[in-house]
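Student:
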Amino acid sequence: MATVKDVAKEAQVSVATVSRVINHSPKASKNAIQAVNAAMKKLGYRPNAAARALVSQSTQTMGVLVGDVSDPFFGIMVKAIDTIATEQGKHLLIGNGYHSAKKERDIIELLISQGCEALVIHSKSLTAEELITFANEIPGLVLINRFIPEIADRCIALDNQKGSYLATDFLIKHGHQHIGYICSNHDIEDTEQRKAGYLQALKDHGLAHFESHIEYGTPDEEGGEQAMTKLLAKGLPLTAIATYNDYMAAGALAALEESNIEVPSRMSIIGFDNGLIAKYLHPKLTTVRYPIQKMAENAATLALKLANKEKPVTDTMMFVPTLVKRLSVIKR
Numbered sequence: 001m002a003t004v005k006d007v008a009k010e011a012q013v014s015v016a017t018v019s020r021v022i023n024h025s026p027k028a029s030k031n032a033i034q035a036v037n038a039a040m041k042k043l044g045y046r047p048n049a050a051a052r053a054l055v056s057q058s059t060q061t062m063g064v065l066v067g068d069v070s071d072p073f074f075g076i077m078v079k080a081i082d083t084i085a086t087e088q089g090k091h092l093l094i095g096n097g098y099h100s101a102k103k104e105r106d107i108i109e110l111l112i113s114q115g116c117e118a119l120v121i122h123s124k125s126l127t128a129e130e131l132i133t134f135a136n137e138i139p140g141l142v143l144i145n146r147f148i149p150e151i152a153d154r155c156i157a158l159d160n161q162k163g164s165y166l167a168t169d170f171l172i173k174h175g176h177q178h179i180g181y182i183c184s185n186h187d188i189e190d191t192e193q194r195k196a197g198y199l200q201a202l203k204d205h206g207l208a209h210f211e212s213h214i215e216y217g218t219p220d221e222e223g224g225e226q227a228m229t230k231l232l233a234k235g236l237p238l239t240a241i242a243t244y245n246d247y248m249a250a251g252a253l254a255a256l257e258e259s260n261i262e263v264p265s266r267m268s269i270i271g272f273d274n275g276l277i278a279k280y281l282h283p284k285l286t287t288v289r290y291p292i293q294k295m296a297e298n299a300a301t302l303a304l305k306l307a308n309k310e311k312p313v314t315d316t317m318m319f320v321p322t323l324v325k326r327l328s329v330i331k332r
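Numbering follows the UniProt record's numbering, with no gaps: position 136 of the sequence shown is 136.
Structure follows, in C-alpha cells:
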C-alpha cells in the first residue's frame, strides 16, 4: 500500500507539499497540485480521513440521528439534509435511535466521537435536560421535530397540536359530530400533542369528549387496523375518524373495507403527515401536510452555520401544518 512518502517521491516534492495538497491549502502551487494528484492516482493512494482531520481540524462529516431510516418519513428527512450537506462538501453519518433513550444517547455520543461538528438530532426519548447538555457541548447541534424552550433557537419543530386541531375541525365543519380518534401508543410528545388537538377542537365546537371514542395502537398500518377494529366492535355512532398518522389511517381503511363500510359514504377518515402513501390509498387520503423536507433543510443549514460559528439568518423555526384535501372526507 502506497504511503505519503511514496507519493512525495513520485511527484518529486516534499511530504509537507503533499500534505498541503491533500488538505487543500492555499499555499499549494498549481504545479504541485497537478503533480501530487497524478502521483496519487498512479500509486492508488487514498488520503487517510483521520489524518486529514488532524491537520484540517474538520472531519467534513455531519451527523444525523433518526428514528428509523427505513421509514419513508425519515428517508425524506435524510435526503433533504444530505442535499444541504453535499452543497457544503460534507458527508453524512447516520444512526437509528428507534425511540430508545439508550440507543439515541449512544448514537449521539458516537457521532460526537467521530468528529461531527454539525448534528441534526431527531430524539423523542432523551430528556430535555440531557439534550440541553449535548447542545451546550456541541454548538452545531440542532433538534428537529422537538421543541425545548431553553434552546429554542436550536429547535426546528412542527405545531402538532395545531395540525390535529385542523384535521378535527375540518371534519366538524363537514357536519360530523361523532368523531373517533386513532392514537399512537408511543409515549412521546407528538402523541400527546396530536391527541390534545383533537380534544381541543371538540371542546371549541361544544362537542362532548368520550374516552370510548379513542383507541390506541402502534403508529403503523397494523396498529391502525387493530384500533379501528376495536372502535367498530363498540358499536358507536361514529361517522368520521381522525388518525395519528397516514399509516394508521391506511390500517383503518383496511379494517373498514373488511367490515364492508364504505369510505367516505359511511365513514370519513383523515390522516396526518401527507406521506407518500396518502395519495395512493383508496380513496385518496385527506390529511395534514407535515413539511419535513423544508424543516430538514432548515435544520441542516442552521447546524452547519452554527458549527462554522456563522450567525444564522433568521428563518422559520416553528412550522405550521396545512390541510391536504382529497377524497376520504365528505359532508354529512
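Note that CB positions come from ideal geometry on N, CA and C, so glycine has one too.
Which two residues bound the contiguous alpha helix (DSSP H) that contains Arg154?
Tutor: Residue numbering aside, residue 154 sits at position 154 when the sequence shown is read from its first letter. Per DSSP, Arg154 belongs to no alpha helix (DSSP H) and is neither H nor E.
Student: Could you give the distance in angstroms between the alpha-carbon of Met284 and the alpha-carbon of Gly223?
Tutor: The residue labelled residue 284 in the question sits at position 284 within the sequence shown. The residue labelled residue 223 in the question sits at position 223 within the sequence shown. Strictly speaking, residue 284 in this sequence is Lys, with Met absent from that position. Rounded to whole angstroms, Lys284 to Gly223 spans 20 Å at the Cα level.
Student: By Cβ distance, which residues of its chain are closer than 8 Å to Ser123, with the 5 residues on each side in sequence left out?
Tutor: Counted from its first residue, the sequence shown places residue 123 at position 123. Leu65, Gly97, Glu104, Ile108, Leu131, Leu143, Arg146, listed in sequence order.
Student: How many whole angstroms separate the CB atoms of Glu221 and Gly251, which I take to be in contact at a CB cut-off of 8 Å?
Tutor: One-based indexing of the sequence shown puts residue 221 at position 221. One-based indexing of the sequence shown puts residue 251 at position 251. Yes, they are in contact, since the Cβ atoms of Glu221 and Gly251 sit about 4 Å apart, within 8 Å.
Student: So what does DSSP say about Ser70, is it helix, strand or coil?
Tutor: Translated into positions along the sequence shown, residue 70 becomes position 70. Note: Ser70 maps to coil in three-state DSSP.
Student: Less than 8 Å between the C-beta atoms of Tyr45 and Val21, yes or no?
Tutor: Here the question's residue 45 lines up with position 45 in the sequence shown. Here the question's residue 21 lines up with position 21 in the sequence shown. No.
Student: On the criterion of 16 or more Cβ atoms from any shown chain inside 10 Å, does Phe210 qualify as buried, or is it exposed?
Tutor: Sequence index remark: in the sequence shown, residue 210 carries index 210 (1-based). Flag for Phe210 reads exposed.
Student: Do three or more CB pairs link the region 197 to 217 to the region 159 to 171 at distances below 8 Å?
Tutor: Contact holds: three or more Cβ-Cβ distances are below 8 Å.
Student: Please report the Cβ distance between Ser328 and Pro264, rounded to the nearest whole angstrom; I am assuming they are in contact, meaning their Cβ atoms lie under 8 Å.
Tutor: The count along the sequence shown starts at 1 and reaches residue 328 at position 328. The count along the sequence shown starts at 1 and reaches residue 264 at position 264. Sure, about 5 Å apart at Cβ, within 8 Å.
Student: Would you tell me roughly how many angstroms separate the C-alpha atoms of Asn260 and Glu192, rounded to the nearest one?
Tutor: As a working note, residue 260 is residue 260 in the sequence shown. As a working note, residue 192 is residue 192 in the sequence shown. Cα to Cα, Asn260 sits roughly 32 Å from Glu192.
Student: First and last residue of the beta strand (DSSP E) that includes Gly217?
Tutor: Reading the sequence shown from its first residue, position 217 is the one you call residue 217. 214 to 217 is the extent of the beta strand (DSSP E) around Gly217.
Student: Kindly identify the DSSP beta-bridge partner or partners of Asp273.
Tutor: Taking the sequence shown and counting its residues from 1, one reaches residue 273 at position 273. Partner(s): Arg289.
Student: Give the range of the beta strand (DSSP E) segment to which Thr322 is assigned.
Tutor: Taking the sequence shown and counting its residues from 1, one reaches residue 322 at position 322. Its beta strand (DSSP E) spans residues 322 to 324.
Student: Could you give the uninterrupted runs of the beta strand (DSSP E) lying entirely in the region 195 to 247, keeping only those of 3 residues or more?
Tutor: For the region 195 to 247, whole beta strand (DSSP E) runs of length 3 or above, ordered along the chain, are 214 to 217, 240 to 243.
Student: For Gln34, count neighbouring Cβ atoms within 10 angstroms of its own Cβ and tell me buried if that reaches 16, exposed if not.
Tutor: Along the sequence shown, read from residue 1 onward, the residue named residue 34 stands at position 34. Per the 10 Å Cβ criterion, exposed.
Student: Within its chain, find whatever has a CB closer than 7 Å to the CB of Asp68; leave out the 5 residues flanking it on each side and keep chain order.
Tutor: Counted from its first residue, the sequence shown places residue 68 at position 68. The residues are Phe74, Asn96, Tyr98.
Student: Compute the Euclidean distance between the alpha carbons of Gln226 and Leu232, then round it to the nearest angstrom.
Tutor: Your numbering for residue 226 matches position 226 in the sequence shown. Your numbering for residue 232 matches position 232 in the sequence shown. Gln226 and Leu232: Cα-Cα distance of roughly 10 Å.
Student: If we ignore side chains and look at the alpha-carbon of each, how far apart do Asn129 and Val288 end up?
Tutor: Locating residue 129 in the sequence shown gives position 129, where the first residue counts as 1. Locating residue 288 in the sequence shown gives position 288, where the first residue counts as 1. Going by the sequence as given, residue 129 is Glu instead of Asn. Distance between the alpha carbons of Glu129 and Val288: 31 Å.
Student: How about His282 and Thr239: do their beta carbons lie closer than 8 Å?
Tutor: Numbered from 1 along the sequence shown, position 282 holds the residue referred to as residue 282. Numbered from 1 along the sequence shown, position 239 holds the residue referred to as residue 239. Not closer than 8 Å, so no.
Student: Quick check: the Cα distance between Ser164 and Ala249, rounded to an integer number of angstroms?
Tutor: Stepping through the sequence shown from its first residue, residue 164 is reached at position 164. Stepping through the sequence shown from its first residue, residue 249 is reached at position 249. Taking the straight line joining both Cα atoms gives about 13 Å.
Student: Do you know offhand how far Ser184's Cα is from Met318's?
Tutor: Reading the sequence shown from its first residue, position 184 is the one you call residue 184. Reading the sequence shown from its first residue, position 318 is the one you call residue 318. In a straight line, the C-alpha of Ser184 is about 22 Å away from that of Met318.
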